[in-house]
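There are 2 protein chains.
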Amino acid sequence: MVIASPENAVSPMDLRHLRYFIAVAEEGNIGRAAARMNISQPPLTRQIQQLEAELGVTLFTRTPRGMELTEAGVLFLEEARNIRSVVEQATERTQRAGQGKLGRLDVAIFGSGILDIIPKLLLAYKGRYPDVKIVLHTMHKGEQIEALRQRRISVGFNRILQPTPDITAELVTTEELLLAVNARHPLAQIEVVPFALLADHPLVLFPTGTRPSFIDTAIGLCRSAGFIPKVSQEVGDAVTAVALVASGFGLCLVPESATVLALPGVVYRPLRGVPEPSRVDLSCIYRSDNKSPILEGFLEEVRAFRATAMAPA
Amino acid sequence: MVIASPENAVSPMDLRHLRYFIAVAEEGNIGRAAARMNISQPPLTRQIQQLEAELGVTLFTRTPRGMELTEAGVLFLEEARNIRSVVEQATERTQRAGQGKLGRLDVAIFGSGILDIIPKLLLAYKGRYPDVKIVLHTMHKGEQIEALRQRRISVGFNRILQPTPDITAELVTTEELLLAVNARHPLAQIEVVPFALLADHPLVLFPTGTRPSFIDTAIGLCRSAGFIPKVSQEVGDAVTAVALVASGFGLCLVPESATVLALPGVVYRPLRGVPEPSRVDLSCIYRSDNKSPILEGFLEEVRAFRATAMAPA
DNA sequence: CGATCACCATACCTTAGAAGTATCGCATGG
DNA sequence: CCATGCGATACTTCTAAGGTATGGTGATCG
Numbered sequence: 001m002v003i004a005s006p007e008n009a010v011s012p013m014d015l016r017h018l019r020y021f022i023a024v025a026e027e028g029n030i031g032r033a034a035a036r037m038n039i040s041q042p043p044l045t046r047q048i049q050q051l052e053a054e055l056g057v058t059l060f061t062r063t064p065r066g067m068e069l070t071e072a073g074v075l076f077l078e079e080a081r082n083i084r085s086v087v088e089q090a091t092e093r094t095q096r097a098g099q100g101k102l103g104r105l106d107v108a109i110f111g112s113g114i115l116d117i118i119p120k121l122l123l124a125y126k127g128r129y130p131d132v133k134i135v136l137h138t139m140h141k142g143e144q145i146e147a148l149r150q151r152r153i154s155v156g157f158n159r160i161l162q163p164t165p166d167i168t169a170e171l172v173t174t175e176e177l178l179l180a181v182n183a184r185h186p187l188a189q190i191e192v193v194p195f196a197l198l199a200d201h202p203l204v205l206f207p208t209g210t211r212p213s214f215i216d217t218a219i220g221l222c223r224s225a226g227f228i229p230k231v232s233q234e235v236g237d238a239v240t241a242v243a244l245v246a247s248g249f250g251l252c253l254v255p256e257s258a259t260v261l262a263l264p265g266v267v268y269r270p271l272r273g274v275p276e277p278s279r280v281d282l283s284c285i286y287r288s289d290n291k292s293p294i295l296e297g298f299l300e301e302v303r304a305f306r307a308t309a310m311a312p313a
Numbered sequence: 314m315v316i317a318s319p320e321n322a323v324s325p326m327d328l329r330h331l332r333y334f335i336a337v338a339e340e341g342n343i344g345r346a347a348a349r350m351n352i353s354q355p356p357l358t359r360q361i362q363q364l365e366a367e368l369g370v371t372l373f374t375r376t377p378r379g380m381e382l383t384e385a386g387v388l389f390l391e392e393a394r395n396i397r398s399v400v401e402q403a404t405e406r407t408q409r410a411g412q413g414k415l416g417r418l419d420v421a422i423f424g425s426g427i428l429d430i431i432p433k434l435l436l437a438y439k440g441r442y443p444d445v446k447i448v449l450h451t452m453h454k455g456e457q458i459e460a461l462r463q464r465r466i467s468v469g470f471n472r473i474l475q476p477t478p479d480i481t482a483e484l485v486t487t488e489e490l491l492l493a494v495n496a497r498h499p500l501a502q503i504e505v506v507p508f509a510l511l512a513d514h515p516l517v518l519f520p521t522g523t524r525p526s527f528i529d530t531a532i533g534l535c536r537s538a539g540f541i542p543k544v545s546q547e548v549g550d551a552v553t554a555v556a557l558v559a560s561g562f563g564l565c566l567v568p569e570s571a572t573v574l575a576l577p578g579v580v581y582r583p584l585r586g587v588p589e590p591s592r593v594d595l596s597c598i599y600r601s602d603n604k605s606p607i608l609e610g611f612l613e614e615v616r617a618f619r620a621t622a623m624a625p626a
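Protein sequence lines, in the order shown, are assigned to chains V and S. For what it's worth, my numbering labels the leading residue of the first sequence as 1, then goes sequentially. For what it's worth, my numbering labels the leading residue of the second sequence as 314, then goes sequentially.
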């Protein structure tokens, strides 16, 4: 007595069956189809018989002139072609995803970086990888690191960083420091402002938030120059700081990319005699165990950007 | 030197790869996935490696705790599940088509058949095979046979038929002959009309078109009864004939199903003393070499219909 | 009207490759 | 530091795909 198995399929259908079926259906003839498939006729006959047995459906009527599709066969031909194209598309999409050309990149950004450099970088990346969807998240440094650990983002941008074993940082570019000053302020009359003069004027500092950050760089520079800066106000981000400068709230040290902020009444002046380090970095951070080809492609773009951005400097 | 083949795929992907991949992705672990697939662990390891090699994409990151999908792997899992369901649906649809449950049935109909019997039959069929799309074509007998030969229709309905080797006819039902007569006509006063009385009144005959047909049956009956019918008019179909009767154009012999035509002023009277054959057949015709499971299902329905329709008679 | 042709089907053999067994390597955790 | 759990590898076994030869059967043509 034969035990009734839930599925009596001796050999489950696979894509070979479909390829062979399509060939036979299109050629209308097993012999020609076999030639097209680079096999001999008998195995093809058997594969078609197997397919019919597996489906429990007669797909062809055998005539002296060849194989003619039944109604069910006509339907199955459509289905088989559809399956073939679905498989092809799945393959291609997966390959593109594996090459970092398709998918999603979650990027954390912050205040002043977003003013000029990050948009340029993202634009360049998007040009090369148009099918990667970039999702931006505004986060402070602490949040960025947390989000990287939780894999909620793939890469973050920041200025000041201390390396950790699980998070790798990579320089994007460095920027000159400039003085943002109200046009009616006395220092606005000087074309190149000596750094030491800042000792006499209150500064707007930013950002408040996770330390250390740009604010510590600014304070450190003042200390190196031998003075303690007078703080007129601490604010959250560069845009707010420059806005305060525009309304006469004092002076502000900014990275040069902040000059895209053309607020009325604000002028930017280069500094002279700035203590080392006189420049400020913009870096990106990502998981050291990164395996994502999408991030890999993005980092390549970052390196290319750094090469072009820092060569003319 | 190795010859560069157009497709470097050593072993093309097949559905087994997808089944295994889905199992591993869902279990997160080759061992459990192997158990689920009723195979041992090593072959599964190899199949996954093959799939990755074939795609050229790493689908899993191997961790000490198991297999974790990469981004490309996540995408491919979606794709694989989609392919699986497309294949399942294709299989099911094809099987249904093979059982005559899915597809299309082209049916040729004619004038008086469509009045009552054919609609009932089609309705019964549609109840049992809801996914077969019935397409109706109005055709005379000659056209029907031509269309059957060209496979433009699968089945046709008609009354008079002479068998041919390639076209099989099958009785659907037989109907009593009735007299359609205007209510103001003298014969309308008689409850059961003796057939011989028709000799004195002009008849509307139908259809014009391919002979022999119902018109020849009617004329034959009159001859058998010993008179030549006076013809008031020949028309194309039963509806027109009865319409003429309604407007006082004469009498008309109709199959009993024509009584659904309740035109004002028309009454139907049974006949008495009708020469043999006193009944008229409704048959369907189809190709003798029929292989279509859809038509097979339809013919079953026809036979069931005949059994119920002729039992009470 | 019979030989031939063009098909598909079957029988039997060969071989590729999928599955099984045993074992290794490696990281993790008591 | 050893036990555990996991994937990878080496080697064997066996299923089933592919090949060769041949049969069977309608259609075609001299």
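Idealized CB from N, CA, C, for every residue including glycine.
Bounding residues of the beta strand (DSSP E) (the contiguous stretch that carries H453 of chain S): Counting along the chain, H453 of chain S falls outside any beta strand (DSSP E), and DSSP gives it neither H nor E.
Opening and closing residue of the beta strand (DSSP E) in which Q502 of chain S lies: Looking at the DSSP string, Q502 of chain S is not in any beta strand (DSSP E), and its letter there is neither H nor E.
Quick check on the DSSP output: the beta strand (DSSP E) that includes M380 of chain S runs from which residue to which? 379 to 382
State yes or no: is the C-beta of V485 of chain S within less than 8 Å of the C-beta of L595 of chain S? yes
Taking 8 Å as the CB-CB cut-off, is I607 of chain S touching chain V? yes
CB-CB under 7 Å to L510 of chain S, same chain, minus the five flanking residues each way: which ones, in chain order? L500
Residues of the segment 395 to 412 of chain S whose Cβ lies closer than 9 Å to any Cβ of chain V, in chain order: N395, I396, V399, V400, Q402, A403, T404, R406, T407, Q408, R409, A410, G411, Q412
Output, in chain order, the set of chain S residues within a Cβ distance shorter than 8 Å of T61 of chain V. K604
Does I316 of chain S pass the burial test, meaning 16 or more other C-beta atoms within 10 Å, or should it be called exposed? Note on I316 of chain S: pLDDT 31, under 50, position unreliable in the model; the coordinate value appears next. Answer is exposed; the Cβ neighbour count stays below 16.
In chain S, which residues lie with their C-beta within 9 Å of the C-beta of L55 of chain V? T404, T407, Q408, G411
What does DSSP give as the partner residues of I447 of chain S in its beta bridges? S:L418
Can you tell me which of V:L271, V:N29, V:R46, V:I228 puts its alpha carbon nearest to the alpha carbon of R65 of chain V? V:N29
Could you check the C-alpha separation between S224 of chain V and P255 of chain V for me, to the nearest Å? 18 Å
Cα-Cα separation, V87 of chain V to L364 of chain S: 13 Å
Buried or exposed: which applies to K141 of chain V, given that a residue is buried once 16 or more other Cβ atoms fall within 10 Å of its Cβ? buried
From the beta carbon of T572 of chain S, is the nearest beta carbon of chain V less than 8 Å away? no
Could you work out which residues of chain V lie near L510 of chain S, taking near to mean beta carbons separated by less than 8 Å? Result: empty, since nearest Cβ-Cβ is about 52 Å, beyond 8 Å.
Go ahead and pull the three-state DSSP assignment for R211 of chain V. coil
Suppose you measure from the CA of V260 of chain V to the CA of A180 of chain V; what does that come to, to the nearest Å? 12 Å
Answer with yes or no whether the minimum CB distance from F76 of chain V to chain S is below 8 Å. yes
Contact with chain S by D237 of chain V, beta-carbon distance below 8 Å: no
I'd like the span of the alpha helix (DSSP H) that includes Q362 of chain S, first residue to last. 354 to 368
Hey, Y125 of chain V and F298 of chain V are a contact pair by Cβ (cut 8 Å); roughly how many whole angstroms apart? 6 Å
Taking G413 of chain S and E609 of chain S to be in contact with their CB atoms under 8 Å, please state how far apart those CB atoms are, rounded to whole angstroms. 6 Å
Return the residue from the list S:L435, S:L449, S:L566 that minimises the CA-CA distance to A617 of chain S. S:L435
Restricting to Cα atoms, I'd like to know which of S:E488, S:I466, S:F562 is closest to L518 of chain S. S:F562
Quick check: the Cα distance between R151 of chain V and P293 of chain V, rounded to an integer number of angstroms? 15 Å
Quick one: does L244 of chain V have its CB under 8 Å from some CB of chain S? no
Span separating the alpha-carbon of Y599 of chain S from that of P590 of chain S: 25 Å
I'd like the list of long-range same chain contacts for K543 of chain S, defined as Cβ closer than 6 Å, with 5 residues on each side in sequence excluded. P515
V593 of chain S: buried (16+ other C-beta within 10 angstroms of its C-beta) or exposed? buried
Taking C-alpha atoms, which residue in V:R306, V:R269, V:T45, V:T208 lies nearest to M139 of chain V? V:T208
Taking 8 Å as the CB-CB cut-off, is I3 of chain V touching chain S? Bear in mind that a pLDDT of 31 at I3 of chain V, under 50, signals an unreliable position, so the model cannot answer this.
Rounded separation between I215 of chain V and L388 of chain S - CA only: 43 Å
Just to make sure I have the definition right: I need the residues of chain S whose C-beta is within less than 8 Å of the C-beta of R16 of chain V. Which are they? P325, D327
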